[in-house]
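Q:
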Amino acid sequence: MASSGAHSIAIDECMALGYVGEIAQDYHVGFLGNFHVTNALFEETEEVTADVQRCIDEGTRFPGYVFGLGGPLTQHINSSRLDTAVTTLFHQTRSTQSISSFTENHSSDEAIVQKEDER
Amino acid sequence: MAKDHLIRALRGERVAQIPWLPHIGTHAAQLLDVSVSHYLQDAALLARGAVLCTDRYQCDGIPLLDDPSMEAMTLGCVPHWSEQGPPSIVSSPLSMLSTEQLSEYLPPLPDETTGRWPTVIAAGALAKPELERRNVALVGVAAGPCTIAYQLRGMRLFADLFRNPDLASRLFAYAGQISAISARIYAEVIGCDIVAINDTPATMLQPAYFRQYVLPNLQAAWQIIHAAGKTSSLWA
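Here it is as structure tokens:
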């Protein structure tokens, strides 16, 4: 995949992100992934914050890392868990201004979150 | 600098902040409180969904449409629509044909007037200015050669790889043309900043088959995306 000619690759949740980062670095391409959608969002058996931290720790060892999901969101999820993932990412990696902006937007969506949580 | 950071990272640079690009699937339908079948076939909903997800999750790029069966439907595959998940292909025009018949029955190549493309293009026209105002990248996600070949031929594709490699080569070459057409529409007509080729079924192939059947048939799409000055990505 890294040698395909694309600027970047995105990998699913089965791959070790650090291993992919090494390959991406060798081929000078970006890499995207691979938050555990199945366990953290669909089945809710894995801690969201721990898996975001795994992505940050492994991904940032190499240039060209983009945080992303290890698969598409193809079923209903508890959206507040994805909110938590984004909050964790921003708290770990972004400026105070960005975090404030996300928190304000998140607050304005509270009604949506509550509605979904009721389902 | 959200979009700039994302594009630079996707091109292999280390950037100051980790960019964030969600593989959003059909999640926007949930946020919009509409059925997936309605969401995927309505330009206004697709655009609103992209903007809503962007605002809610503060991402640096967002797919306009994340439906790997879109191209297959333009080629005559019949979908089964779902309320909560993406459509699945239940009938494929090439699945029952003999190997001898296959080449002569390849569907005509689509263009921007075919199938759901007018809806997707209209959605792009609505979403792009909103995302530009937020400095967020618009992402086009096209189906890859293996995805398209598999949807057209069904499980018989994998038998073709063993028993009829010449035929499989022609089918993959045709599918690569479809991927390139999608890449052109996303890059040139809609003006997406990033165009991804999503080819998850290709990960089922052993490396030799991936090199033989998939890699050569991705090149036309990359050339189109790069010639348009856009950023490319291979999703699996």
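As they're listed, the protein sequences go chains E and V.
Position 39 of the first sequence, counted from 1, bears residue number 37 in this note's numbering, the numbering being contiguous throughout.
One gets this note's numbering by counting positions in the second sequence from 1 and adding 43 to each.
Even for Gly, the Cβ is constructed at its ideal location relative to N, Cα and C.
From residue -1 (chain E) to residue 277 (chain V), what distance separates their C-alpha atoms?
A: 7 Å
Q: Give a yes or no on whether 8 Å exceeds the smallest Cβ distance from residue 92 (chain V) to chain E.
A: no
Q: Could you tell me the distance, in whole angstroms, from the CA atom of residue 199 (chain V) to the CA atom of residue 137 (chain V)?
A: 9 Å
Q: Does the separation of the CB atoms of residue 8 (chain E) and residue 27 (chain E) fall below 8 Å?
A: no
Q: On the three-state DSSP scale, how would you describe residue 0 (chain E)?
A: coil
Q: State yes or no: is the C-beta of residue 137 (chain E) within less than 8 Å of the C-beta of residue 90 (chain E)?
A: The question about residue 137 (chain E) has no answer, for chain E in this structure spans -1 to 117.
Q: Can the beta-carbon of residue 238 (chain V) be found less than 8 Å from the beta-carbon of residue 64 (chain V)?
A: no
Q: Can you list the alpha helix (DSSP H) stretches of 4 or more residues lying completely in the stretch 61 to 139 of chain V, in chain order?
A: As far as the stretch 61 to 139 of chain V is concerned, its whole alpha helix (DSSP H) runs of at least 4 residues are 70 to 75, 79 to 83, 86 to 100 and 113 to 117.
Q: Can you list, in chain order, the residues of the stretch 47 to 79 of chain V whose Cβ is nearer than 7 Å to any Cβ on chain E?
A: Against chain E - using a Cβ distance shorter than 7 Å - the residues of the stretch 47 to 79 of chain V are 49, 52, 53, 54, 55, 56, 57, 60, 61, 62, 63, 64, 65, 66, 67, 68, 69, 70, 73 and 74.
Q: Indicate whether at least one CB of chain E lies closer than 8 Å to the CB of residue 129 (chain V).
A: yes
Q: State yes or no: is the beta carbon of residue 16 (chain E) nearer than 8 Å to at least one beta carbon in chain V?
A: no
Q: Could you check whether the Cβ of residue 124 (chain V) sits closer than 8 Å to any Cβ belonging to chain E?
A: no
Q: Taking only beta-carbon atoms, is residue 10 (chain E) less than 8 Å away from chain V?
A: yes
Q: Taking 7 Å as the limit between beta carbons, can you name the residues of its chain near residue 97 (chain V), skipping five residues before and five after?
A: Only 105, 174, 177 and 179 meet the Cβ criterion.
Q: First and last residue of the beta strand (DSSP E) that includes residue 181 (chain V)?
A: 180 to 186
Q: What residue range does the beta strand (DSSP E) around residue 212 (chain V) cover?
A: Counting along the chain, residue 212 (chain V) sits inside no beta strand (DSSP E); it lies in the alpha helix (DSSP H) bounded by residues 208 to 227.
Q: Tell me which same chain residues have a C-beta within less than 8 Å of the C-beta of residue 80 (chain V), skipping the five on either side of it?
A: 124, 125, 126 and 130
Q: Here's a check: name, in chain order, each residue in its chain whose Cβ is nearer than 6 Å to the Cβ of residue 110 (chain V), leaving out the five neighbours to either side.
A: 83 and 129
Q: Using a Cβ-Cβ cutoff of 8 Å, what residues of the stretch 69 to 91 of chain E are near chain V? List them in chain order.
A: 69, 70, 71, 72, 73, 74, 75, 77, 80, 81, 84, 87, 88 and 91
Q: If residue 93 (chain V) sits next to residue 185 (chain V), beta carbons under 8 Å apart, how far is it from one beta carbon to the other, in whole angstroms?
A: That belief does not hold up - the Cβ atoms of residue 93 (chain V) and residue 185 (chain V) are roughly 16 Å apart, past 8 Å.
Q: In chain order, what residues of the same chain have a beta carbon less than 6 Å from the beta carbon of residue 66 (chain V), not counting five sequence neighbours either side?
A: none
Q: Between the C-alpha atoms of residue 77 (chain E) and residue 189 (chain V), what's the straight-line distance to the nearest angstrom?
A: Their Cα atoms are separated by approximately 32 Å.
Q: Shorter than 8 Å from the beta carbon of residue 262 (chain V) to some beta carbon of chain E?
A: yes
Q: Starting from residue 6 (chain E) and walking both ways along the beta strand (DSSP E), at which residues does that stretch end?
A: 6 to 8 is the span of the beta strand (DSSP E), which, as asked, contains residue 6 (chain E).
Q: Could you tell me if residue 53 (chain V) is buried or exposed, where buried requires 16 or more neighbouring beta carbons within 10 angstroms of its beta carbon?
A: buried
Q: Within 10 angstroms of the Cβ of residue 161 (chain V), are there 16 or more other Cβ atoms? Answer buried if so, exposed if not.
A: exposed
Q: Count the other CB atoms, across all protein chains shown, that sit within 10 Å of the CB of residue 121 (chain V); report buried if there are 16 or more and exposed otherwise.
A: exposed
Q: Name the chain V residues whose beta carbon is nearer than 9 Å to that of residue 40 (chain E)?
A: Near residue 40 (chain E) there are no residues of chain V at all, since even the closest Cβ is about 11 Å away, more than 9 Å.
Q: I'd like to know if residue 36 (chain E) contacts chain V, where contact means its C-beta is closer than 8 Å to some C-beta of that chain.
A: Chain V contact via Cβ: absent.
Q: From residue 273 (chain V) to residue 236 (chain V), what does the alpha carbon distance come to, in whole angstroms?
A: 5 Å
Q: Less than 7 Å separating the Cβ of residue 72 (chain V) from some heavy atom of the ligand ADP?
A: Only the bare structure without any ligand can be found here, which leaves the ligand ADP out of the picture.
Q: Quick one: what's got a C-beta closer than 6 Å to residue 46 (chain E)'s C-beta in the same chain, skipping five residues either side?
A: 38, 79, 82 and 83
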